[in-house]
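Q: One structure, as structure tokens, below. Some questions next.
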Amino acid sequence: MASPVTNADRESVVEFTEDQKYVFDTKGWIAIPGMLSDDDISEMRDFCYRLQREKGAIPEYHRSSIGGPLEKLTDHPLVVGFMNEFVASGYASEDCYGFRFEGSFLTIRSEGHDNFSPHGGRGMLNFPGNSHTYHLRYDKVHSGLTRVVWELNPVKKGCGGTMFLSGSHKAAFPTPVSTKDHDC
Numbered sequence: 008m009a010s011p012v013t014n015a016d017r018e019s020v021v022e023f024t025e026d027q028k029y030v031f032d033t034k035g036w037i038a039i040p041g042m043l044s045d046d047d048i049s050e051m052r053d054f055c056y057r058l059q060r061e062k063g064a065i066p067e068y069h070r071s072s073i074g075g076p077l078e079k080l081t082d083h084p085l086v087v088g089f090m091n092e093f094v095a096s097g098y099a100s101e102d103c104y105g106f107r108f109e110g111s112f113l114t115i116r117s118e119g120h121d122n123f124s125p126h127g128g129r130g131m132l133n134f135p136g137n138s139h140t141y142h143l144r145y146d147k148v149h150s151g152l153t154r155v156v157w158e159l160n161p162v163k164k165g166c167g168g169t170m171f172l173s174g175s176h177k178a179a180f181p182t183p184v185s186t187k188d189h190d191c
């Protein structure tokens, strides 16, 4: 079956380029700036702070990390394109995504936070057929346990953003102590 070519709002799905596929394949993550307008970012960031500080002032049906203006991030055309390429099963169609959305959370980090805790490496907990691992099967890559991160603040080294340890979730060995260093 064919993967969806539009999201729930009928916006065209963004297909990944060969370069983007290669970067994700080798690093295990990819950063794609400029996918949201400045107005969207401002509205979303304001909502996040209100959700954290004034939750009761927000209508109950929007009191979550996928409520209000953040709702459009759950099936953003770029997210659907990524999921089609790296996660979706063969059961996808224009009316049904071939992947599921399991959860969402909001993290607000301030400059100077120090909760860097790299993880990954399957070590001895991996088992044959584990769909949560990253693997190639029949010329199709599958990344079953995937997280999408939206940074709503400018990203600058040392200023509180999300940090990634390239290849860590594809590693066969547990992460060594040396990865605890922010500059690893």
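Each residue of the sequence shown is one higher than the last, beginning at 8 in my numbering. Glycine residues also receive a C-beta, built at the ideal position from the N, C-alpha and C atoms.
Do you know offhand how far I73's Cα is from A178's?
A: Within the sequence shown, numbered from 1, the residue matching residue 73 stands at position 66. Within the sequence shown, numbered from 1, the residue matching residue 178 stands at position 171. Between I73 and A178, the C-alpha separation is close to 31 Å.
Q: So what does DSSP say about S19, is it helix, strand or coil?
A: By 1-based counting over the sequence shown, the position of residue 19 is 12. DSSP places S19 in strand when its eight states are reduced to three.
Q: Residues in its own chain within less than 8 Å of F93 by CB, not counting five upstream and five downstream?
A: Position 86 of the sequence shown, counted from the start, is the residue given in the question as residue 93. Correct list, in chain order: F31, V148, H149, S150 and T153.
Q: Rounded to whole angstroms, what's the CA-CA distance from N14 to F112? Just pull it up for me.
A: Translated into positions along the sequence shown, residue 14 becomes position 7. Translated into positions along the sequence shown, residue 112 becomes position 105. Rounded to whole angstroms, N14 to F112 spans 22 Å at the Cα level.
Q: Look up S72 in the DSSP assignment and say whether it is helix, strand or coil.
A: Your numbering for residue 72 matches position 65 in the sequence shown. In this structure, S72 counts as coil in the three-state DSSP scheme.
Q: Using only the alpha-carbon positions, how far apart do R17 and E78 sit?
A: As a first step, residue 17 is located in the sequence shown; it is residue number 10 there, counting from the start. As a first step, residue 78 is located in the sequence shown; it is residue number 71 there, counting from the start. Rounded to the nearest angstrom, the two C-alpha atoms are 15 Å apart.
Q: Going by C-alpha to C-alpha distance, which of T114, H142, K164 and D82 sits closest to S19?
A: Numbered from 1 along the sequence shown, position 12 holds the residue referred to as residue 19. When each option's Cα is compared against that of S19, the closest is D82.
Q: Mind checking P161: buried by the 16 CB within 10 Å criterion, or exposed?
A: Within the sequence shown, the letter at position 154 stands for residue 161. By the 10 Å Cβ count, P161 comes out exposed.
Q: Specify the secondary structure class of V184 as computed by DSSP and reduced to three states.
A: Within the sequence shown, the letter at position 177 stands for residue 184. V184 falls in the helix class under three-state DSSP.
Q: Among Q59, I48, E101 and G168, which one has its Cα closest to the Cα of E118?
A: Mapped onto the sequence shown, residue 118 falls at position 111. Of the listed residues, the one whose Cα sits closest to E118 is G168.
Q: Excluding the five sequence neighbours on either side, which residues of its own chain have a C-beta within less than 7 Å of the C-beta of E158, listed in chain order?
A: Residue numbering aside, residue 158 sits at position 151 when the sequence shown is read from its first letter. Excluding positions up to five away in sequence, the list reads G168 and T169.
Q: Whose C-beta lies closer than 8 Å to the C-beta of Q59 among residues of the same chain, with five residues either side of it excluded?
A: Position 52 of the sequence shown, counted from the first residue, corresponds to residue 59. Closer than 8 Å at Cβ, skipping near neighbours: L113 and I115.
Q: For P40, count the other beta carbons within 10 Å of its own beta carbon; 16 or more makes it buried, fewer makes it exposed. Which is it?
A: As a position in the sequence shown, residue 40 is number 33, starting the count at 1. Flag for P40 reads exposed.
Q: Can you say whether G88 is buried or exposed, counting buried as having 16 or more other CB atoms within 10 angstroms of its CB?
A: Within the sequence shown, the letter at position 81 stands for residue 88. Classification for G88: buried.
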